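These protein sequence lines are chains A and B, in that order.
1 is the number of the first residue of the first sequence in my numbering; add one for each residue after it.
1001 is the number of the first residue of the second sequence in my numbering; add one for each residue after it.
Note that beta-carbon positions come from the ideal geometry of N, C-alpha and C, so glycine has one too.
For clarity, every value in this text was computed on a predicted model and none was experimentally measured.
Here's the structure, in structure tokens; my notes come after.
Protein chains: 2
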Amino acid sequence: MPDPIIPSYEGDFVFAEDRRFQLFSGGKLQPVRLRYAIYGKLNERRDNVILVCHALTGSARVGDWWPQLFGDVFNLERDCIVGINIIGSCYGSTGPRDINPETGEVFGADFPLVTVRDWTRSQALLLDHLKIDKLRAVIGGSIGGMQAIQWAIDFPERVERCIGVGAAPLTAMGLALNHLQRLAIRTDKHWHDGRYEDDLAPKEGLALARAIAMISYKSAELLTERFTRKPNRNGENPLRSLNERYDVAGYLDYQGQGFTRRFDASSYLMITKAMDNFDPALGYPSEEAALARIRARVLLIGISSDWLFPAVEVKALSRRMRDSKVDAEYAEIESSHGHDGFLAEPQKLASLLNAILRS
Amino acid sequence: MPDPIIPSYEGDFVFAEDRRFQLFSGGKLQPVRLRYAIYGKLNERRDNVILVCHALTGSARVGDWWPQLFGDVFNLERDCIVGINIIGSCYGSTGPRDINPETGEVFGADFPLVTVRDWTRSQALLLDHLKIDKLRAVIGGSIGGMQAIQWAIDFPERVERCIGVGAAPLTAMGLALNHLQRLAIRTDKHWHDGRYEDDLAPKEGLALARAIAMISYKSAELLTERFTRKPNRNGENPLRSLNERYDVAGYLDYQGQGFTRRFDASSYLMITKAMDNFDPALGYPSEEAALARIRARVLLIGISSDWLFPAVEVKALSRRMRDSKVDAEYAEIESSHGHDGFLAEPQKLASLLNAILRS
């Protein structure tokens, strides 16, 4: 696909300046700011909006992380694409690096627990403000897919199509991986419960967390293909000394270190915790009751080599939706990319998305 | 199986007091001490010895970590079981917590790089000392299996049977997992290049390393069976605060913390590095040339759900052995225990071991 040219409008929406935003887990926030980005134009009937929800380290700028879907799937002559940064993130919306108005200090680990439910409810308030009642579709991968599913449950009248890629409640292995990543950050000597100066951030811990995450985003097959047992490409020799690495280790270090320049450790904690806690049943009498609320046409997409959100789990969720009389389909992308397939396989994804979006 | 009663004789053997022990990677050690344990009696023909090689965190005391194999598989009326602690470990043999005679200080990260080849060569020197020429079998799981295979390559005339369980050269995923564990230790503020006081050891880093290792030792299926998405059994509620955990996280923390009371961080680094570097080709013109040296009857055992040493890799190694005209068989244990299956499935292992040991 050619590189698309993506116009973008960005804005901030402050929706809880005068009253508090009560969070599902009991905490509250006031004020709450949401950073959002709009690509394309809202049509007169205001019915051409596709809400695209981002994953753990994404932002409102959908064009930055899903550029290949613009043009063909997201046609800006026709569609109005809305991206909204989630509460707790470090890309413009209210998050743990903000000042806690009650203490005058940075929130850090005192930032209240947020859930996927809080994200969709806050996003709905922004859409109210923009006078967007209906979504032609809500789409996302990973945590973005959790939001898409939560939207379909919480606001059944507003969502026409719901598409989740590589998303389901985390299994025990996924919960374990997230826990290890948070532990890595909290073990860093600079963590200080999240009340660190920007130039004294827990970067080693965050880099390790990202490196742990990276192996969960890739399949073993892909790592073998790419790295085999080759020594690190800069000429290191793992047989010579403790510090000399294999290529896969050099890659993980590089990814981890680069990540610390673009992401915040306390946001990482908050968002992975919300990821842990995603469960359709949350706040409803049961999962069946929650799923039975859905009116949207649903497409859940699994990735064959995903071991963080195994395809079998995604498929099982779509089956439980059908058991609750939801119009839910399942499709699987054959890929060796693992969970990253939702970003790394835009062409395979595009054909599935086009089919449901044009229906 | 009933709990066996295991007599044990332990000893120390110092084999490089007056001359240096040259290591494969170029370093040297002097002196070198090996801690060993003997169960049962050497017979008059000195041909009833089974060398049992331990894994990463094991010791010479085979009875401590493979107790269920005593009685039926290891019959002390018939067999003489020898266990030898590997160089670099913290269970009695020379390791990084020893004093470096050249500096008068603890070795720490300056401990020379050891390889599986150094382990087998040092073990051979101990067996020379004990006047044991031939091994009825050499057996091990994981890193113990690497030693068994290395023994068959390096000392073809001395090994009658070689049995490796869940052992093959690590794939890129395995190399990545080991790297992350070492990174966890080195990120700990108490690491200090391994020159820490015993009461100021890098325990948080070591606990995290162990927790990362634990998920690689178990299958996703087993974690789901055991923990599902249950909150931590002590009554924590992950929806209430950042620090409250799911059950699988509580389990990993418990395992990690317990481990710091019985293992040393610098040994962990040294041994995982040797695990990385295991490769039959090491020091030979090629893998074929190395494997072609083997005269032992070989049994490699894969565990169906092992993702650290995937069964397919173990099977492929046995096939390459057969391509090199080795009498090598492959067997697979069906188990949801993952890599831990070599410890957790003694009954399934016993029947396979009995078949080859009694042949």
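Any C-beta of chain B sitting closer than 8 Å to the C-beta of A:Thr171? Look at A:Thr171: its C-beta is under 8 Å from a C-beta on chain B.
Could you list which residues in chain B have their beta carbon closer than 9 Å to that of A:Thr224, in chain order? Those within 9 Å of A:Thr224 in chain B are Thr1171, Ala1172, Met1173.
Show which residues of chain C have a CB atom less than 8 Å away from the CB atom of A:Asp276. This model lacks chain C altogether; the protein chains it does include are A and B.
Taking 8 Å as the limit between beta carbons, can you name the residues of its chain near A:Arg233, skipping five residues before and five after? Asp247, Gly250.
Between the beta-carbon of A:Leu23 and the beta-carbon of A:Val114, is there less than 8 Å? Judged by beta-carbon spacing, A:Val114 lies within the 8 Å limit of A:Leu23, meaning their Cβ atoms are closer than that value.
Where in the region 253-315 of chain A do unbroken runs of the beta strand (DSSP E), each at least 3 residues long, occur, reported from the N-terminal end onward? Segments of the beta strand (DSSP E) lying fully in the region 253-315 of chain A: 297-303.
Assign A:Tyr9 to buried or exposed, taking buried as 16 or more other Cβ atoms, counted over all protein chains shown, within 10 Å of its Cβ. Classification of A:Tyr9: exposed, given that the 10 Å Cβ count is below 16.
Contacts of A:Thr187 in chain B (Cβ-Cβ under 9 Å): Ala1184, Thr1187, Asp1188, Lys1189, Glu1204, Gly1205, Ala1207, Leu1208, listed in chain order.
Using DSSP with H/G/I as helix, E/B as strand and the rest coil, what is A:Ile81? Three-state result, A:Ile81: strand.
Contact set between B:Arg1229 and chain A, taken where Cβ atoms lie within less than 8 Å: By Cβ distance, chain A contributes Pro169, Leu170, Thr171, Ala172, Leu175, Asp279.
Cβ atoms of A:Ser122 and A:Ile87: under 8 Å apart, would you say? At a Cβ-Cβ threshold of 8 Å, A:Ile87 and A:Ser122 count as neighbours.
Just the chain A side, please: which residues come within less than 9 Å of B:Ile1215 by C-beta, in chain order? Those are Met173, Ala176, Leu177, Leu180, listed as they occur along chain A.
Contacts of B:Ser1241 in chain A (Cβ-Cβ under 7 Å): Residues of chain A passing the Cβ test: Leu113.
According to the Cβ coordinates, are B:Thr1228 and A:Ala290 closer than 8 Å? Not closer than 8 Å, so no.
Reference A:Ile6, options A:Trp191, A:Ile303, A:Ile38, closest by Cα: When A:Trp191, A:Ile303, A:Ile38 are compared, the shortest CA-CA separation from A:Ile6 is found for A:Ile38.
Going along the chain, which residues of its own chain have a beta-carbon closer than 6 Å to the beta-carbon of A:Asp154, five neighbours each way excluded? Hits under 6 Å: Thr120.
Are the C-beta atoms of B:Leu1042 and some chain A residue less than 8 Å apart? So no, B:Leu1042 is outside the interface.
Are the CB atoms of A:Glu288 and A:Ser318 within a distance shorter than 8 Å? Not in contact: A:Ser318 and A:Glu288 (Cβ atoms no closer than 8 Å).
Under 8 Å, Cβ to Cβ, is there at least one residue of chain B near A:Ala249? Output row for A:Ala249: interface = yes.
Between A:Ile212 and A:Asp306, what straight-line distance do the alpha-carbon atoms span, to the nearest angstrom? When rounded, the distance between both Cα atoms is 15 Å.
Whose C-beta lies closer than 8 Å to the C-beta of B:Ala1344 among residues of the same chain, with five residues either side of it excluded? Cβ within range, chain order: Ser1335, His1337.
In the DSSP assignment, what are the bridge partners of A:Tyr330? Residue pairing of A:Tyr330 in beta bridges, as defined by DSSP: A:Leu300.
On a CA-only basis, which of A:Leu175, A:Arg45, A:Ser216, A:Asp47 is nearest A:Asp279? Give me that one, please. When the alpha-carbon of A:Asp279 is set against those of A:Leu175, A:Arg45, A:Ser216, A:Asp47, the nearest one is in A:Leu175.
Check this for me: beta carbons of A:Leu242 and B:Ser1025, under 8 Å apart or not? Using a Cβ distance threshold of 8 Å, A:Leu242 and B:Ser1025 do not count as a contacting pair.
Output the distance between the C-alpha atoms of B:Lys1028 and B:Ala1265, rounded to the nearest integer angstrom. Near 21 Å, if we compare the C-alpha coordinates of B:Ala1265 and B:Lys1028.
Anyone know if the C-beta pair for B:Ile1369 and B:Ile1301 falls short of 8 Å? The shown model of chain B, from 1001 to 1359, leaves out residue 1369 of chain B, and the question about it has no answer.
Please determine, among B:Leu1125, B:Gly1063, B:Gln1150, B:Gly1194, the residue with the shortest C-alpha to C-alpha distance to B:Ser1267. Nearest to B:Ser1267 by alpha-carbon distance, out of B:Leu1125, B:Gly1063, B:Gln1150, B:Gly1194, is B:Gly1194.
Suppose you measure from the CA of A:Leu206 to the CA of A:Ser142; what does that come to, to the nearest Å? Going by C-alpha positions, A:Leu206 is about 20 Å away from A:Ser142.
Does the beta-carbon of A:Pro202 have 16 or more other beta-carbons within 10 angstroms, so that it is buried, or is it exposed? With 16 or more other Cβ atoms within 10 Å, it is buried.
Could one say the Cβ of A:Leu252 lies closer than 8 Å to chain B's Cβ atoms, at least one of them? Interface residue, yes.
Secondary structure at A:Pro156, three-state DSSP: helix, strand or coil? Coil, per DSSP.
8 Å Cβ cutoff met for B:Ser1059 and B:Tyr1036: Against a cut-off of 8 Å, the Cβ pair of B:Tyr1036 and B:Ser1059 comes out as no contact.
If we define contact as Cβ-Cβ less than 8 Å, is A:Lys131 a contact residue for chain B? Using a Cβ-Cβ cut-off of 8 Å, A:Lys131 does not count as an interface residue toward chain B, since no Cβ of chain B sits closer than that to its own.
Just tell me which of A:Arg136, A:His54, A:Leu349, A:Pro112 has its CA closest to the CA of A:Leu42. The option with the nearest alpha carbon to A:Leu42 is A:Arg136.
For B:Pro1101, which of helix, strand or coil comes out of DSSP? In the structure shown, B:Pro1101 sits in coil (DSSP, three-state: anything other than H, G, I, E or B).
Measure the CB-CB distance between A:Ile132 and A:Arg78 and report whether it falls below 8 Å. Their beta carbons are not under 8 Å apart, which means A:Ile132 does not touch A:Arg78 by this criterion.
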